[in-house]
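Those protein sequences? They're chains H and U, same order as listed. All residue numbers for the first sequence refer to the numbering used here, where the first residue is 313 and numbers rise by one. All residue numbers for the second sequence refer to the numbering used here, where the first residue is 213 and numbers rise by one. Here's the structure, in structure tokens; my notes come after.
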Amino acid sequence: MSEETLENSGLTPEEQKLFSNARPQPYQPYSNKAIEDFANWARANSLWILAFGTGCCSVELRPLMSARFDAARFGIAGRPTPRQSSVFVIGGYVSVKTLKRIVRSYEQMQGPKFVIALGSCPANGGMYFDSYNTVNQLDLYLPIDMYVTGCMPRPEALLASIMDLQKDIRAGNCDSANIYVNNLDWYKANQKKVIKNWDMPDYNW
Amino acid sequence: MLLERLTKEFGITDIVERHARMTTIKVDKDKGERLIRELRDREGYVHLSFVACVDYIERGVFSIIYMLHSYDEKKDLGIHIEVDRENPEMTSIHTLWAQAWTYQRELREMYGINFPGSPRVDEEFCLEGWDQMPPMRRDFDTRKYSDEQFGHREGRASEDPREHMKAKLYPNRGGDEQ
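Take a look at the structure:
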């Protein structure tokens, strides 16, 4: 990982003064394994879902919070802003216009952060595999911790994936945010290939 | 009655009664805006339901469809106006209904039809940074563009639903539909 700053070439010179050009740094786990395990246990039991519905699968997020499925018993609740949330559920197909907003929101989220791709479309394009406007493989643009297949998956499937995610977090296997940071140039090149009008900073702090 | 008068005054053709409450007519491009204005101001077709477009690539025209509704008669009237595919341009009707400019902006982006004077018609609407042919034109190869631009994941397979269901759900029926 290089130490140099980001170019922010999508911004005008005036705007470049207003935005940070620092590179994100990977998360360093605690050297004491007991403390890291405790931190992972705490992270797994306090997941906050970003209220950002990208496609039709995001309607499955609504019943998740209601009395029947009651995600609050797993310590899950929704947050309205990326700054306060730790789980990004990509709800269905991702159009190019939405991908830009997803990238912005994902980068604004504070670590630790995790991504669940819901439905077939983020995995392989789903029924929109030949659309001019939806990406076919979301993992080219964002690191993904958990896939839920189906068109569309039931809330039970989403709950199961969240429980699996919690297991993975407790075991210390969820380092997708570090993968993103360590391969930032590769992800940025892929993102800029499809987002033609890149008029935001290279990393949205 | 109304249609007879319109035939005389505007030379409308292709009058088709689709069902009891919907009729479609066709009119020349240069008379279109006047006809729509007349229908709105004099004949009670005060509601613009939608503006749509069909690409008739075989005849080299785009057919723009203005669907009007009359609350008095409880009837829809669709007006088809054909514009040339090579130089697609149509009079803007945003002076009649302010919401029409949203439709016109969409048609501008998806089909490349120009509406001179329509507000913000040249701005991006759904597509951002689009540098290809307008995507809803029929000669735009969406599959090819998707392959080049987004790629495909290895191992993705498509099943024919009919054959798949025969094999998986009804293996004992041997293709018997009943």
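Quick reminder that beta carbons are idealized off the backbone N, C-alpha and C, glycines included.
Extent of the continuous alpha helix (DSSP H) run through residue i
i               : result
I414 of chain H : 408-420
S330 of chain U : Segment: none, S330 of chain U is in no alpha helix (DSSP H) and carries neither H nor E.
Y492 of chain H : 488-494
D253 of chain U : 241-254
L564 of chain H : Since the first residue of chain H shown is 313 and the last is 517, residue 564 of chain H is not available in this structure.
T219 of chain U : 214-222
Local conformation of residue i per DSSP, three classes
i               : result
V447 of chain H : coil
W313 of chain U : helix
R350 of chain U : coil
I347 of chain H : helix
F337 of chain U : coil
V506 of chain H : helix
M313 of chain H : Here M313 of chain H scores only 46 on pLDDT, less than 50, and its place in the model should not be relied on; the value that follows carries that caveat. Here M313 of chain H sits in coil by DSSP.
G322 of chain H : coil
F381 of chain H : coil
F400 of chain H : strand
F331 of chain H : coil
A369 of chain U : coil
A264 of chain U : strand
D497 of chain H : helix
E270 of chain U : coil
R320 of chain U : helix
D514 of chain H : coil
H306 of chain U : coil
K380 of chain U : helix
L362 of chain H : strand
8 Å Cβ cut-off: residues of chain H touching residue i
i               : result
L339 of chain U : V408, K409, N445
R355 of chain U : D442
R368 of chain U : N436, G437, F441
R374 of chain U : What R374 of chain U touches in chain H: nothing, since even the nearest Cβ is about 17 Å away.
R350 of chain U : None at all; the shortest Cβ gap to chain H is about 13 Å.
R365 of chain U : A435, N436, G437, N448, Q449
When the options are compared against residue i, the one with the closest alpha-carbon
i               : options                        : result
R249 of chain U : U:A369, U:W309, U:P383, U:E340 : U:W309
R297 of chain U : U:N326, U:G290, U:K286, U:E360 : U:N326
R482 of chain H : H:F350, H:N344, H:K500         : H:F350
A334 of chain H : H:E319, H:Y453, H:Y342, H:F441 : H:E319
T393 of chain H : H:G322, H:D442, H:I456, H:Q422 : H:Q422
R252 of chain U : U:V273, U:A264, U:I305, U:F274 : U:I305
D372 of chain U : U:I269, U:K380, U:E366         : U:K380
S432 of chain H : H:N485, H:C368, H:S321, H:P325 : H:C368
W353 of chain H : H:P513, H:T461, H:C463, H:N485 : H:N485
D284 of chain U : U:M302, U:R332, U:Y357, U:R254 : U:R254
E229 of chain U : U:L215, U:F274, U:D240, U:D242 : U:L215
K243 of chain U : U:F262, U:M279, U:K286, U:E294 : U:E294
Cβ pair residue i, residue j closer than 8 Å
i               : j               : result
K508 of chain H : C338 of chain U : no
Q316 of chain U : V506 of chain H : no
W360 of chain H : V399 of chain H : yes
L362 of chain H : R391 of chain H : yes
Y459 of chain H : A429 of chain H : yes
I388 of chain H : I474 of chain H : yes
Y453 of chain H : Q503 of chain H : yes
P346 of chain U : Y382 of chain U : no
G256 of chain U : I277 of chain U : no
I233 of chain U : D288 of chain U : A quick correction: the sequence has Arg, not Ile, at residue 233 of chain U. The answer is yes: Cβ separation under 8 Å.
I224 of chain U : T235 of chain U : no
Q311 of chain U : L260 of chain U : yes
R416 of chain H : N516 of chain H : yes
I237 of chain U : R350 of chain U : no
V493 of chain H : L450 of chain H : no
E340 of chain U : K412 of chain H : yes
F381 of chain H : L496 of chain H : no
L376 of chain H : P467 of chain H : yes
N448 of chain H : G437 of chain H : yes
D442 of chain H : T354 of chain U : yes
Residue i: first and last residue of the uninterrupted beta strand (DSSP E) it sits in
i               : result
S275 of chain U : 273-282
K287 of chain U : 287-296
A389 of chain H : 388-391
S358 of chain H : Element bounds for S358 of chain H: n/a, residue is neither H nor E.
A429 of chain H : 426-430
Y440 of chain H : Segment: none, Y440 of chain H is in no beta strand (DSSP E) and carries neither H nor E.
V460 of chain H : 458-460
R230 of chain U : 225-231
Contacts of residue i in chain U (Cβ-Cβ under 8 Å)
i               : result
V506 of chain H : Q361, F362
Beta-carbon neighbours of residue i, restricted to chain H and to distances below 9 Å
i               : result
P346 of chain U : Residues of chain H passing the Cβ test: none, with the nearest at roughly 10 Å.
D343 of chain U : K508
Under 9 Å by beta carbon: chain U residues contacting residue i
i               : result
K412 of chain H : E340
Under 7 Å by beta carbon: chain H residues contacting residue i
i               : result
R204 of chain U : Since the first and last residues shown for chain U are 213 and 390, residue 204 of chain U lies out of range.
S275 of chain U : Correct list: empty, because the minimum Cβ distance to chain H is about 22 Å.
Problem - Proximal residues, the segment 422-452 of chain H versus chain A, C-beta separation under 8 Å - result: Among the protein chains in the structure shown, which are H and U, there is no chain A.
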